[in-house]
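Report on one structure; see the data block that follows.
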Amino acid sequence: MPIVRDAVVAPSTVDVVVVGAGLSGLVAATELRRTGADVLVVEAQNRIGGRLDAHTCADGRVLQRGGEYVTPWSTELRRLAESLGIGYEPAVPEGAMVRLSGASRVVEAMPFEQDPEAAGAYYGAYEALEKLADDVPADEPWRAERAVELDRQTLGAWLDVNVHSQPARDLIAIDFVTFGDVHEVSLLYILWSVSRAGGLEQLHDLGDRFIGGPPGIVEALADRLDAPIVVDAPVTRIEHGADGVRVSFGGRSALARAVVVAMEPGQAGRMEFVPPLPADRDRLQTRWLAGHGGKAFAIYDEPFWRREGLSGLAVMGGAFPFGLDASTDDSEDGVLLVFYCENGEAAAELARAQAEPDGVRRRVLDGLGRAFGDAARTPREFHYFDWAGDSWSRGCGTMLPPGVLTTVGHTLRPALGPIVWAGGENGTKDWMEGAVTAGQSAAQTVQGLLRSAP
Ligand SMILES: Cc1cc2nc3c(=O)[nH]c(=O)nc-3n(C[C@H](O)[C@H](O)[C@H](O)COP(=O)(O)OP(=O)(O)OC[C@H]3O[C@@H](n4cnc5c(N)ncnc54)[C@H](O)[C@@H]3O)c2cc1C
1 MPIVRDAVVA
11 PSTVDVVVVG
21 AGLSGLVAAT
31 ELRRTGADVL
41 VVEAQNRIGG
51 RLDAHTCADG
61 RVLQRGGEYV
71 TPWSTELRRL
81 AESLGIGYEP
91 AVPEGAMVRL
101 SGASRVVEAM
111 PFEQDPEAAG
121 AYYGAYEALE
131 KLADDVPADE
141 PWRAERAVEL
151 DRQTLGAWLD
161 VNVHSQPARD
171 LIAIDFVTFG
181 DVHEVSLLYI
191 LWSVSRAGGL
201 EQLHDLGDRF
211 IGGPPGIVEA
221 LADRLDAPIV
231 VDAPVTRIEH
241 GADGVRVSFG
251 GRSALARAVV
261 VAMEPGQAGR
271 MEFVPPLPAD
281 RDRLQTRWLA
291 GHGGKAFAIY
301 DEPFWRREGL
311 SGLAVMGGAF
321 PFGLDASTDD
331 SEDGVLLVFY
341 CENGEAAAEL
351 ARAQAEPDGV
361 RRRVLDGLGR
371 AFGDAARTPR
381 EFHYFDWAGD
391 SWSRGCGTML
401 PPGVLTTVGH
411 TLRPALGPIV
421 WAGGENGTKD
431 WMEGAVTAGQ
441 SAAQTVQGLL
451 RSAP
């Protein structure tokens, strides 16, 4: 792997600097090298991969701290993985789900199959949201005919008016807003997620998981990359002009004809741009919010819930909204994964849990115990990973508030002279697929710039 740990030995003049060695930056660098450009990748952390990262337990089991599921619409991601010899396995086992609602525990194949009133409200809302999303262009949501009206309200406000069943509202909130507050996220932003995924069914289909995990993809890309990757070198400043850029990192700088900034817009806003970026792009960066969330894993000697025909999917609500079976085929262990988030009313619950010794563990295991029985309360191991504490991502999953997309959303993708944007949020789709497509398209834009430069 061409990792350089000492910034001083990095080249001082290249064609392109790629800032960020996450999936998107590494795809951009790979594509650019393929066309013969000289590339330097600069990464703030002492590792590559960004929001793709694995934790290895004492017994060698590997847990995915970050991105894990390969959605059905991840066409370019799947193509890339196949080209690197990385395969995948189905994500969610067959079986019934468990839904905790107040004091009750419901086992069902489909949500609300024993509650016709909530079912009507739930599926009716899905139909209405899908219809609204039909009119939201996947590439430019701010151009939707009713964009301003949809971006003025939150999903929560829409649910309050249109869905007259509390259990249905609660489940829709979990379905759509894993890492945020349903009363803070723009309805237009949610509809954009639906339209980018190609529909609601696709949006909520977890699809597959890579065998060995997604970090294998970034490692394989880095291994094959014939260009230096400088790590532990946060980029602090990008000076830009008609001739190109000067990128400063680790007490030194590199000159290039173009720079690819491959990260979430909110993170890009932490660097100094000289001269300053246009006000609308700057506002996009300051208003782009990452959701606060993470993952907890409980590991058992076997996936005992499967004996009762349960899939491991548990809808629990609150700060720990849902759990999944994350066992892998290479082991007999059972693994339950619980997402947690700081969503509105649950924010105080999460803060309390994090402040108490073992508070997260107790609450997660209490939820799993209620869903799957007492055996779930005593895992062999428990781990949790909080992305809000990660300085270079500050959370996971965008949660845009009202009024961002329709005012400054148009600045998301267009390059500003030699500054070209990448990162999952810039892609034609979201998440890992977005990271790949944004990396590819940034490389194409840079090739155009290099060809047209004198
Ligand atoms: C908990 C969690 C679960 C997820 N689950 C899924 C999932 O199941 N499926 C899915 O498809 N996606 C999932 N995602 C999203 C997916 O991980 C991301 O969309 C994808 O990894 C983004 O890649 P990226 O390269 O665009 O950004 P990042 O991975 O964030 O990479 C950006 C890189 O830039 C670096 N950087 C930032 N600032 C600077 C600077 N100033 N100087 C130098 N370097 C800098 C960062 O350190 C980082 O390495 C999940 C994410 C999280 C956190």
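Residue numbers (full-length UniProt numbering): 1 to 454.
Don't be surprised by glycine CBs; every beta carbon is placed ideally from N, CA and C.
Just so you know, these numbers come straight off a predicted model, no measurement behind them.
Please go through the same chain and pick out, in chain order, the residues whose beta-carbon is closer than 8 Å to the beta-carbon of residue i, but skip the five residues on each side of it.
i	result
H410	E140, W142, D280
A222	M1, P2, I3, A21, L26, I48, I229
A54	V62, L63, Q64, R65, G213, P215
A220	L84, G85, I86
A157	H183, L187
M97	V107, E108, A109, P111, L310, S311, L313, A314, V315
E302	E332, D333, G334
Could you name the residues of the same chain whose beta carbon sits closer than 6 Å to that of residue i, not counting the 5 residues immediately before and after it, in chain order?
i	result
V261	V19, A268, W421
R237	S248, E272
P167	S101, A118
A435	L23, S24, G424
G251	none
D232	N46
V136	A144, L191, W192, S195
V218	L23, L26, I48, G49, L52
Residues bridged to residue i by DSSP?
i	result
L40	V17
R341	According to the sequence displayed, residue 341 carries Cys and not Arg. Note: C341 sits in a beta bridge opposite G293.
D208	V70, P90
W421	V261
E272	R237
A96	L310
L336	A298, D325
L203	DSSP, once it has assigned bridges, lists no residue as partnering L203.
G49	G22
L416	I419
D139	Bridge partners of D139: none, in fact.
L368	BP columns for L368 are empty, so no partner.
I3	I229
Just to confirm the assignment, what range does the beta strand (DSSP E) spanning residue i have?
i	result
A128	Careful: A128 lies outside any beta strand (DSSP E), inside the alpha helix (DSSP H) at 116–134.
G323	322–325
S195	Run containing S195: none in the beta strand (DSSP E); it sits in the alpha helix (DSSP H), 187–197.
R78	First-last for R78: 75–83, but that is the alpha helix (DSSP H), not the beta strand (DSSP E).
A375	Counting along the chain, A375 falls outside any beta strand (DSSP E), and DSSP gives it neither H nor E.
R252	252–256
L400	No beta strand (DSSP E) holds L400; DSSP gives it neither H nor E.
V62	62–64
Do residue i and ligand 2 come close, with the Cβ less than 7 Å from some heavy atom?
i	result
Q45	Although ligand 2 was asked about, the structure shown includes only ligand 1 as ligands.
Can you list, in chain order, the residues of its chain with a C-beta nearer than 7 Å to that of residue i? Leave out the 5 residues immediately preceding and following it.
i	result
H164	A121
A443	A28, E31, L32
E356	none
S193	L203, D430
F304	G334, A375
A227	P2, A29, R33, V39, L40, V41
P276	D282
D329	E89
Would you mind reading off the limits of the alpha helix (DSSP H) that contains residue i?
i	result
M110	Per DSSP, M110 belongs to no alpha helix (DSSP H) and is neither H nor E.
V436	431–452
F304	No alpha helix (DSSP H) contains F304, which DSSP labels as neither H nor E.
R380	Looking at the DSSP string, R380 is not in any alpha helix (DSSP H), and its letter there is neither H nor E.
E31	23–34
Q285	279–287
A348	346–355
A54	It is not in any alpha helix (DSSP H) - A54 instead sits in the beta strand (DSSP E) that spans 54–56.
A157	155–162
L405	405–408
V177	Neither: V177 is in no alpha helix (DSSP H) and is coded neither H nor E.
E149	147–152
Quick one: does residue i have its CB under 8 Å from some CB of chain B?
i	result
V235	No chain B is present in this structure, which holds just one protein chain.
Length at least 3, wholly inside the stretch 221–248: the beta strand (DSSP E) runs in chain order: 235–241
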